[in-house]
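In the order they appear, the protein sequences are chains R, F, C and X.
Its first residue numbered 1, the first sequence is counted upward by one per residue in my numbering.
Its first residue numbered 275, the second sequence is counted upward by one per residue in my numbering.
Its first residue numbered 549, the third sequence is counted upward by one per residue in my numbering.
Its first residue numbered 823, the fourth sequence is counted upward by one per residue in my numbering.
So the structure is just underneath, and the comments pick up after that.
There are 4 protein chains.
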Amino acid sequence: MKEKLKTSWKERLHEIIYEADTRAGKLFDVILLVAILASILLVMLESVEHLDNKYHNFLNISEWIITILFSIEYILRVVSIKKPLKYIFSFYGIIDLLSTIPKYLSLFFIGSHHFAALRALRLLRVFRILKLARYIGASNKLLISLKASRAKILVFLFFVIILCVILGTIMYMIEGAENGFTSIPRSVYWAIVTMTTVGYGDIAPHTPFGQFIASIIMILGYGIIAIPTGIVSSEITKNNSNSIDINTQSCSHCAAEGHKDGAEFCYNCGSKLN
Amino acid sequence: MKEKLKTSWKERLHEIIYEADTRAGKLFDVILLVAILASILLVMLESVEHLDNKYHNFLNISEWIITILFSIEYILRVVSIKKPLKYIFSFYGIIDLLSTIPKYLSLFFIGSHHFAALRALRLLRVFRILKLARYIGASNKLLISLKASRAKILVFLFFVIILCVILGTIMYMIEGAENGFTSIPRSVYWAIVTMTTVGYGDIAPHTPFGQFIASIIMILGYGIIAIPTGIVSSEITKNNSNSIDINTQSCSHCAAEGHKDGAEFCYNCGSKLN
Amino acid sequence: MKEKLKTSWKERLHEIIYEADTRAGKLFDVILLVAILASILLVMLESVEHLDNKYHNFLNISEWIITILFSIEYILRVVSIKKPLKYIFSFYGIIDLLSTIPKYLSLFFIGSHHFAALRALRLLRVFRILKLARYIGASNKLLISLKASRAKILVFLFFVIILCVILGTIMYMIEGAENGFTSIPRSVYWAIVTMTTVGYGDIAPHTPFGQFIASIIMILGYGIIAIPTGIVSSEITKNNSNSIDINTQSCSHCAAEGHKDGAEFCYNCGSKLN
Amino acid sequence: MKEKLKTSWKERLHEIIYEADTRAGKLFDVILLVAILASILLVMLESVEHLDNKYHNFLNISEWIITILFSIEYILRVVSIKKPLKYIFSFYGIIDLLSTIPKYLSLFFIGSHHFAALRALRLLRVFRILKLARYIGASNKLLISLKASRAKILVFLFFVIILCVILGTIMYMIEGAENGFTSIPRSVYWAIVTMTTVGYGDIAPHTPFGQFIASIIMILGYGIIAIPTGIVSSEITKNNSNSIDINTQSCSHCAAEGHKDGAEFCYNCGSKLN
Chain R
1 MKEKLKTSWK ERLHEIIYEA DTRAGKLFDV ILLVAILASI LLVMLESVEH
51 LDNKYHNFLN ISEWIITILF SIEYILRVVS IKKPLKYIFS FYGIIDLLST
101 IPKYLSLFFI GSHHFAALRA LRLLRVFRIL KLARYIGASN KLLISLKASR
151 AKILVFLFFV IILCVILGTI MYMIEGAENG FTSIPRSVYW AIVTMTTVGY
201 GDIAPHTPFG QFIASIIMIL GYGIIAIPTG IVSSEITKNN SNSIDINTQS
251 CSHCAAEGHK DGAEFCYNCG SKLN
Chain F
275 MKEKLKTSWK ERLHEIIYEA DTRAGKLFDV ILLVAILASI LLVMLESVEH
325 LDNKYHNFLN ISEWIITILF SIEYILRVVS IKKPLKYIFS FYGIIDLLST
375 IPKYLSLFFI GSHHFAALRA LRLLRVFRIL KLARYIGASN KLLISLKASR
425 AKILVFLFFV IILCVILGTI MYMIEGAENG FTSIPRSVYW AIVTMTTVGY
475 GDIAPHTPFG QFIASIIMIL GYGIIAIPTG IVSSEITKNN SNSIDINTQS
525 CSHCAAEGHK DGAEFCYNCG SKLN
Chain C
549 MKEKLKTSWK ERLHEIIYEA DTRAGKLFDV ILLVAILASI LLVMLESVEH
599 LDNKYHNFLN ISEWIITILF SIEYILRVVS IKKPLKYIFS FYGIIDLLST
649 IPKYLSLFFI GSHHFAALRA LRLLRVFRIL KLARYIGASN KLLISLKASR
699 AKILVFLFFV IILCVILGTI MYMIEGAENG FTSIPRSVYW AIVTMTTVGY
749 GDIAPHTPFG QFIASIIMIL GYGIIAIPTG IVSSEITKNN SNSIDINTQS
799 CSHCAAEGHK DGAEFCYNCG SKLN
Chain X
823 MKEKLKTSWK ERLHEIIYEA DTRAGKLFDV ILLVAILASI LLVMLESVEH
873 LDNKYHNFLN ISEWIITILF SIEYILRVVS IKKPLKYIFS FYGIIDLLST
923 IPKYLSLFFI GSHHFAALRA LRLLRVFRIL KLARYIGASN KLLISLKASR
973 AKILVFLFFV IILCVILGTI MYMIEGAENG FTSIPRSVYW AIVTMTTVGY
1023 GDIAPHTPFG QFIASIIMIL GYGIIAIPTG IVSSEITKNN SNSIDINTQS
1073 CSHCAAEGHK DGAEFCYNCG SKLN
């Protein structure tokens, strides 16, 4: 009990920002999630020309508020962790920085419009908060099943791509440039559009023989969708019985995540967990 | 026995309208179902301009008949239940009222055309009668499986939407307004159209690099459809334990077993089965 | 043994035409299958205008040959069965007749062109021969699984249709006639095109709000495809262990089919099987 | 041990080229894979007109280098095997030859442009190297499952095609040539496009009744995709427990492949394996 009272403000901040086991930690995650979604909405609305013309000032000020909030959060993240450099050069550390900078750049450079799109990277930050989703208990088993079937699905997708290249080349020879199949890459693009049953219709076969081959591709695509589905189904069925529960703690020393529920020491560096 | 005979007309009415265990109750549900479907057909046909011009009077009178029938049903529902207010402010109570009112409004207001569309809400009433469907015995286990996999599927759909927002933003940057990707929301709409393999073709990538990214989105969409399917499959497999395809009769003459359901004669000795 | 030798030519003919357990019976089925496929090819080629202009005589004579062959087969079928009327008014009896008549009619009536399309019904006859497919042993279990999950899938499809009607009506109100949603039936058609991920693109939402609703429909359609798949998967998994073998015999007395392998008596009328 | 030292250079070459169990064998396969993919990229880029105009010399020289490398590989393959004729007339032997010849032909014949497309056949060679993929251990069980469900899936695809022919013919009668359904084969093509949920939109129904039938086809197609998925799912689930490990050795005597891991003698000819 005494140990808990002694925890410095840094440790408390770490608990709030990096973990989601305490009430404050959960609240922080929820607020962050709302802020990220709001900022994404801003980026979206800004891209709609007639909205940007009408509400330019409102959108601009909102964007500044969110940028400053994210900057404060970034500084707090750096301050509250024991090895700041590890965080700064981690995947999320770089994204946190990249999605905050563009607005500041716009002060110094005119035409930094293209950097603005970087702000969309903020959405990736949602995935960090989605450790929240582990509380649902559902996505955890799902991830294990998906990891187990990853190799098979990659082999399958590789096979689909090879098939599309071969079939696209065949269609390029059959239909030719006069029917829209102007080059092999474009024909392969068409084959992928068809095989995956998307079917835009921007390119479509015109010759009877081309339509015959296209029919075969469609039926193939309709049939082989069964393969990844079968792989994942069987994997999930298998994993439906035995489960591993992981909590959302992250080590305050080395930032390792994925600790077993009830673990007292970090599996990575051996330091004590809260 | 005496208690049953004493049941007031209110209780009998409640049994007929709200339940489906008695013959009268089932009959009421079937009639209501037919009336709802007929009224939906009317709403549909009215919306087809050349049909409305030709048969306006017939459609108008039919609509009045159905509106009056539904009004009577509404009043009976209010009268026969013990807590009328609870029904009136329940989900179905509000729908029952909203789908009846528009026709009456057309007497007092000119141009209440827009309220007329509310009548389509009647279709929602079908779901109430679909408690009938539980009698088929099939949809019941299905609902249990779906409820069990609801959390996982929501997580999955949330993930798909995030992916579409990120990919849509990327395509907005690659293709730009000159190729139809005029804003980020529109590009996200395109990403959803592509990821779900719908593929209208109203917006389609034109640059080679855009088509390359589009191909990746399609193959992703083709692959990750496996996930919800796998979730539901395993859940249903788990809930699906007992089945009856063959009956348990054994021939009283030769003791052969495994007779087909509905078989009248023994497949082995030809003697009559019970 | 003696009984078998005594079998009259009628019984032998019945064995050849209606069953597929003997060598002659299998050969007959294969020849019939080829003839049906050839006749379907003829119907197809005739419908292609420039081919019909070029090879009219060849196509016409071939059609006559096949029509006469099918007429002979029809007569033999009537002769060799014990209850001819039952066959004549059975599903396949009517199809056999309807698909033979149109050519004869063309002798007496000019402009019996429309009856000619009836010949396409011949393709339905393929399904009768497909009892051959039962020899693969594969489609048998499949059919049992499908029959078992029929009720659930019908409930599901019914639910999809209701959903499409509601969503179509909503889109009719949002988009309106100026964006191609000219009537509710047409909007429902669009909702089905979208929900099933077909996505022609002949009708597509133009307003931002319409595109938002459309996105929801697509994601819904992408997600709920998991339901029928899950139903069938679990059903097949269940039936994969315990199998029921059914042979292709049909009772010479009452024409009942689907007898268990090794059954000596008809389960329907109790008469002896061959 | 002594035996291994005595192995002639032919046997060593065989080990390197035809097998992937040794380090040199794996390296050879990886280099070959890269060369094939590079050559396919060349074929693709050559087909893009503006790239071919710009970098014609670079593409031409690269193509010559790869052609000569493949020619050397072909000669080594012939030399290192004990029965060269068997290799030369095998499936891969013919592909190896056909994909090398076109470039040489271009020296002697002007306008041998059409033979150039044969070079795309090289992609088929990737599948030979994909015996590498067996090391992932994943695709092996997958192949067993797919082989087991092959018969069922063929029956299913056959059924889908019959359904498309019947539905296409019906739509030809309903919609007719004025709505784009100009002939039965074209209508069948449309039915396949719709049933498989591809939905190009190059042909689409215009009459209300045609749209009604189209809706039924779509819902059918949406529902019956469940069948192949269910078949494969249950098959993979079944095979998920018991596995057979096969290594990549091929017999130096008879070229038989698919030896069990640890096998010392060829199952086909009985000669010793390395």
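Beta carbons are placed, not taken as given, at the ideal position from N, Cα and C, and that holds for glycine.
Pick from the options: whose alpha carbon is nearest that of residue i?
i: I498/F; options: V188/R, W190/R, L157/R and F209/R; result: L157/R
i: H849/X; options: I862/X, S861/X and L835/X; result: At residue 849/X the sequence reads Leu, which differs from the His that was named. The candidate whose alpha carbon is nearest that of L849/X is L835/X.
i: S587/C; options: L669/C, Y652/C, L645/C and I779/C; result: L669/C
i: L881/X; options: A1048/X, Q1033/X, G847/X and E868/X; result: E868/X
i: I710/C; options: L315/F, I440/F and L381/F; result: L315/F
i: S71/R; options: S233/R, K152/R and K103/R; result: K103/R
i: L107/R; options: H206/R, A177/R and W64/R; result: W64/R
i: K82/R; options: R23/R, P228/R and E15/R; result: E15/R
i: L945/X; options: V1010/X, L859/X and R972/X; result: L859/X
i: K426/F; options: L167/R, L146/R and F109/R; result: L146/R
i: I1053/X; options: R972/X, L920/X, R899/X and T991/X; result: R972/X
i: F981/X; options: L653/C, D577/C, I767/C and R673/C; result: R673/C
i: A20/R; options: I129/R, V78/R, S80/R and G93/R; result: I129/R
i: T1029/X; options: P756/C, H754/C, D600/C and R734/C; result: R734/C
i: H872/X; options: T229/R, T182/R and F209/R; result: T182/R
Expressed to the nearest angstrom, what Euclidean distance is found between the alpha-carbon atoms of residue i and residue j?
i: L702/C; j: A696/C; result: 11 Å
i: L580/C; j: M171/R; result: 35 Å
i: P906/X; j: F913/X; result: 13 Å
i: I192/R; j: G1021/X; result: 14 Å
i: K238/R; j: E783/C; result: 17 Å
i: I917/X; j: G221/R; result: 25 Å
i: T648/C; j: M866/X; result: 52 Å
i: A752/C; j: N727/C; result: 8 Å
i: W9/R; j: I75/R; result: 15 Å
i: F949/X; j: I565/C; result: 46 Å
i: I217/R; j: T196/R; result: 10 Å
i: I996/X; j: S215/R; result: 22 Å
i: V322/F; j: F1034/X; result: 15 Å
i: I910/X; j: T889/X; result: 18 Å
i: F383/F; j: G724/C; result: 22 Å
i: I1049/X; j: V900/X; result: 46 Å
i: I714/C; j: T194/R; result: 30 Å
i: F1031/X; j: I1041/X; result: 16 Å
i: N53/R; j: I61/R; result: 14 Å
For residue i, count neighbouring Cβ atoms within 10 angstroms of its own Cβ and tell me buried if that reaches 16, exposed if not.
i: I732/C; result: buried
i: L690/C; result: buried
i: Y877/X; result: exposed
i: T570/C; result: exposed
i: V275/R; result: Residue numbering for chain R in the displayed model covers 1 to 274; residue 275/R lies beyond these limits and cannot be assessed.
i: L927/X; result: exposed
Taking 7 Å as the line, does the beta carbon of residue i fall inside it for any heavy atom of the ligand ZN?
i: L976/X; result: Judged by which ligands are present, the structure shown has none, so any question about the ligand ZN falls away.
For the segment 33-50 of chain R, which residues have a beta carbon sitting closer than 9 Å to at least one beta carbon of chain F? I40, V43, M44, L45, E46, S47, V48 and E49
May I ask you to list, following chain order, the residues of the segment 139-173 of chain R that have a beta carbon less than 7 Å from some beta carbon of chain X? Residues passing the 7 Å Cβ filter: A151, K152, V155, I162, V165, I166, T169, Y172 and M173.
Residues in the segment 192-205 of chain R having any Cβ partner in chain X nearer than 7 Å: Within the segment 192-205 of chain R, those residues whose Cβ lies closer than 7 Å to any Cβ of chain X are, in chain order, T194, T197, G199, G201 and A204.
Return the residues of the segment 1041-1058 of chain X that lie within a Cβ-Cβ distance of less than 7 Å from chain F, sorted by chain order. T1051 and S1055
Which of the residues in the segment 609-630 of chain C, read from start to end, lie with their CB under 7 Å from any CB of chain F? The residues in question: there are none.
Any C-beta of chain C within less than 9 Å: which residues of the segment 998-1011 of chain X qualify? A999, T1004, S1005, I1006, P1007, R1008, S1009 and V1010
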